[in-house]
Each structure stands twice: as structure tokens, then as C-alpha cells.
Amino acid sequence: MFCDRCGLPAADADHAGCAAARLLEPPRFCPECRRRMKVQVVPTGWTATCVEHGLRRG
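The working numbering puts the sequence shown at residues 12 to 69.
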């Protein structure tokens with residue numbers, strides 16, 4: 012598994028900063044395959060799309 016903010020392996024480092032930032036912004040990387048996702052932010056939330064794993068919403 013990978014960090015959905017920085018894209019690095021989740022077990023390799025402390026991602027406390029990433030977790031804090033994720034409270035305010037959408038994910039940028041797919042946590043399953045580490046691909047950069049297409050992200051769209053709208054006033055009511057966000058969508059992030061991985062070409063391999065599909066749509067995520069928040």
C-alpha cells in the first residue's frame with residue numbers, strides 16, 4: 012500500500028504530515044498502485060480517478 016498524498020510506500024516512513032494535510036486536500040496518488048490520479052475539486056467535495064482502480068469521492 013502507498014500513501015495517497017506523497018506516493019511513497021506507507022510502511023517506509025512516518026506519514027503524520029501527510030495525514031494532517033489530507034484533512035484539507037484530496038488524495039493525489041492511488042493508495043493501491045501509486046499512480047497519479049486525476050483530481051477535480053468542487054465546492055461540494057472532490058473526485059479522484061485512477062485509470063486502474065476507478066473513482067474515489069470525498
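Positions of the beta carbon are idealized from the N, C-alpha and C atoms, including for glycine.
Proximity winner among the options, relative to residue i (alpha-carbon distances)
| i | options | result |
| --- | --- | --- |
| residue 126 | 26, 65, 25 and 28 | Outside the shown range of the chain, which is 12 to 69, sits residue 126, and nothing can be said about it. |
| residue 29 | 45, 67 and 14 | 14 |
| residue 21 | 35, 34 and 45 | 45 |
Residue i to residue j span [Cα, whole Å]
| i | j | result |
| --- | --- | --- |
| residue 52 | residue 58 | 7 Å |
| residue 54 | residue 19 | 29 Å |
| residue 32 | residue 62 | 24 Å |
| residue 39 | residue 16 | 5 Å |
| residue 60 | residue 25 | 25 Å |
| residue 56 | residue 69 | 6 Å |
Integer-rounded CB distance, given that residue j should sit under 8 Å from residue i
| i | j | result |
| --- | --- | --- |
| residue 12 | residue 37 | Wrong, their Cβ atoms sit about 18 Å apart, outside the cutoff. |
Exercise for review: Quick one: which unbroken beta strand (DSSP E) runs of 3-plus residues sit fully inside the stretch 19–63? Chain order, please.
Suggested key: Counting only runs of 3 or more residues that sit fully inside the stretch 19–63, the beta strand (DSSP E) segments are 49–53 and 56–61, in chain order.
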